[in-house]
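Student:
Residue numbers (the working numbering): 106 to 329.
(1) In the stretch 256-294, which residue ranges form an unbroken alpha helix (DSSP H) of at least 4 residues, counting only runs that do not cross its ends?
(2) Using the DSSP secondary-structure output, state which residues sit across from residue 139 in a beta bridge.
(3) Using the rule of at least 16 other Cβ atoms within 10 Å of the residue's Cβ for burial, across every protein chain shown, is residue 270 buried or exposed?
(4) Expressed to the nearest angstrom, what Euclidean distance is found between the alpha-carbon atoms of residue 248 and residue 228?
(5) Use the C-beta contact count for residue 126: other C-beta atoms within 10 angstroms, 16 or more gives buried, fewer gives exposed.
(6) In whole angstroms, give me the CA-to-CA distance for residue 324 and residue 130.
(7) Could you pull the DSSP bridge partners for residue 328 from this structure?
(8) If you run the structure through DSSP and keep just helix, strand and coil, what is residue 170?
(9) If you check the beta carbons only, do residue 287 and residue 217 fall under 9 Å apart?
(10) Residue 245 lies in the alpha helix (DSSP H); which residues open and close that run?
(11) Please identify the residue among 195, 264 and 215 whose C-alpha is closest to the C-alpha of residue 306.
(12) How many angstroms separate the CA atom of residue 263 from the CA atom of residue 197?
(13) Compare the Cα-Cα distances from residue 163 to each of 321, 292, 219 and 120 and report the closest residue.
(14) Tell me the rounded alpha-carbon separation between residue 292 and residue 211.
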């Protein structure tokens, strides 16, 4: 399992939760794979209690299935949950970029562009995990500029099935197109062009919709 650096003052439960979740999103813990509470505790250098608590939390958002006295598994990707999370993301992100066109300050635009520059560097080095983290950070910034950062945190939990598909797509992939989408979007926000920003976000989010069928053909074992 890929280890993450523990954040300052991060509790054992939160560290376990964040690390396991990220390993599921990036497919290090693949859909359908069995996981052991004991082995996770050893790998994370934690006692079993925070690991158990983290697994219970992950089962609540349907990415872990816990069977008492039996195996614990990473859930297969559910097409219905992918579609529902994308529906929610389409509604929220398109509205958010329109707000950004009203509220973004020059410093906000510079933060977004700095993130995009790092995305390009990581793509050149084929660092998929780092690119995905920056992609998440970019979209989180859009919510933050709009004053909706708490909504983004809720959306992240809803989007985890779609994020796993996104990880497969980016491994394949369309990544350079995604970066250009981000550049075009920031330019539209800088022009205060809400209509263009909304249209660009719709196109950007549709790219993952288009890829799902092809990804399913490539990785049928990962889907329900």
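Just so you know, even glycine gets a beta-carbon here, dropped at the ideal spot from N, CA and C.
Tutor: In this structure, then:
(1) Entirely contained in the stretch 256-294, the alpha helix (DSSP H) runs reaching 4 residues are, in chain order, 265-277.
(2) Within the chain shown, residue 139 is the residue found at index 34, counting from 1. In the DSSP output, where bridge partners are listed per residue, residue 139 has 178.
(3) By 1-based counting over the chain shown, the position of residue 270 is 165. Under the 10 Å beta carbon count, residue 270 is surrounded by 16 or more other beta carbons and is classified as buried.
(4) As a working note, residue 248 is residue 143 in the chain shown. As a working note, residue 228 is residue 123 in the chain shown. Linking residue 248 to residue 228 through their CA atoms gives a straight-line distance of about 24 Å.
(5) Mapped onto the chain shown, residue 126 falls at position 21. That one is buried.
(6) By 1-based counting over the chain shown, the position of residue 324 is 219. By 1-based counting over the chain shown, the position of residue 130 is 25. Approximately 15 Å between the Cα atoms of the pair.
(7) Here the question's residue 328 lines up with position 223 in the chain shown. 182.
(8) Residue 170 sits at position 65 when you count from the first residue of the chain shown. Strand, per DSSP.
(9) Counting from 1 along the chain shown, the entry for residue 287 is found at position 182. Counting from 1 along the chain shown, the entry for residue 217 is found at position 112. A contact, by the Cβ cut-off of 9 Å.
(10) Mapped onto the chain shown, residue 245 falls at position 140. Per DSSP, residue 245 is one residue of the alpha helix (DSSP H) stretching across 233-250.
(11) If you number the chain shown from 1, residue 306 lands on position 201. Among 195, 264 and 215, the Cα nearest to that of residue 306 is on 195.
(12) Here the question's residue 263 lines up with position 158 in the chain shown. Here the question's residue 197 lines up with position 92 in the chain shown. In this structure, the straight-line span from the alpha carbon of residue 263 to that of residue 197 is close to 12 Å.
(13) By one-based count along the chain shown, residue 163 stands at place 58. Closest option to residue 163, Cα to Cα, is 120.
(14) Taking the first residue of the chain shown as position 1, residue 292 is located at position 187. Taking the first residue of the chain shown as position 1, residue 211 is located at position 106. If you draw a straight line from the Cα of residue 292 to the Cα of residue 211, it is about 12 Å long.
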